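Asks: Take this structure, written in structure tokens, and hold onto it; I'll ask about it next.
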Amino acid sequence: MGITFANVELISGDDLTLFRLGYIPEERIKRIEVKALVDTGATMLAITEWIKNQLNLFKVDEQEAELGDGSFVKLEIVGPVDVRFANRSTTVRAIVI
Numbered sequence: 001m002g003i004t005f006a007n008v009e010l011i012s013g014d015d016l017t018l019f020r021l022g023y024i025p026e027e028r029i030k031r032i033e034v035k036a037l038v039d040t041g042a043t044m045l046a047i048t049e050w051i052k053n054q055l056n057l058f059k060v061d062e063q064e065a066e067l068g069d070g071s072f073v074k075l076e077i078v079g080p081v082d083v084r085f086a087n088r089s090t091t092v093r094a095i096v097i
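Residue numbers (our numbering): 1 to 97.
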């Protein structure tokens, strides 16, 4: 199996809630389209600090992660993030790498 990429839209879950409650107009919802590496074995969405800042995502937790060299680092968990691909969508937390 080769490397697979997909164009996905990432949307601030907090902004979606504020829009649904009538606090912000739809055009103020922070969203970004990215070309993402698809990893069917991944347990969590991984995003960069830049994407976190673009969507104004807040830290909700911290998690220790093992790197490829066997070392461990604490990484920030942010969210919520709405992920949309084709006719599918889900809301998740993301680890910031």
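Just so you know, even glycine gets a beta-carbon here, dropped at the ideal spot from N, CA and C.
Values in this document were obtained by computation on a predicted structure and should not be read as measured data.
Tell me the rounded alpha-carbon separation between V34 and A6.
Replies: Answer to the nearest angstrom: the Cα atoms are 8 Å apart.
Asks: Which runs of the beta strand (DSSP E), 3 residues or longer, sit entirely within the stretch 2-44?
Replies: Qualifying beta strand (DSSP E) stretches, in chain order: 4-12 and 31-38.
Asks: Between which two residues does the beta strand (DSSP E) containing I75 stretch?
Replies: For the record, residue 75 in the displayed sequence is Leu; it is not Ile. Unbroken beta strand (DSSP E) run through L75: F72 to F85.
Asks: Taking DSSP as the reference, what is the three-state secondary structure of I51?
Replies: In this structure, I51 counts as helix in the three-state DSSP scheme.
Asks: According to DSSP, which residues form a beta bridge with R93?
Replies: None, per the DSSP bridge assignment.
Asks: Beta-carbon separation of G79 and A65 under 8 Å?
Replies: It is not a contact, given that the beta carbons lie outside the stated cut-off.
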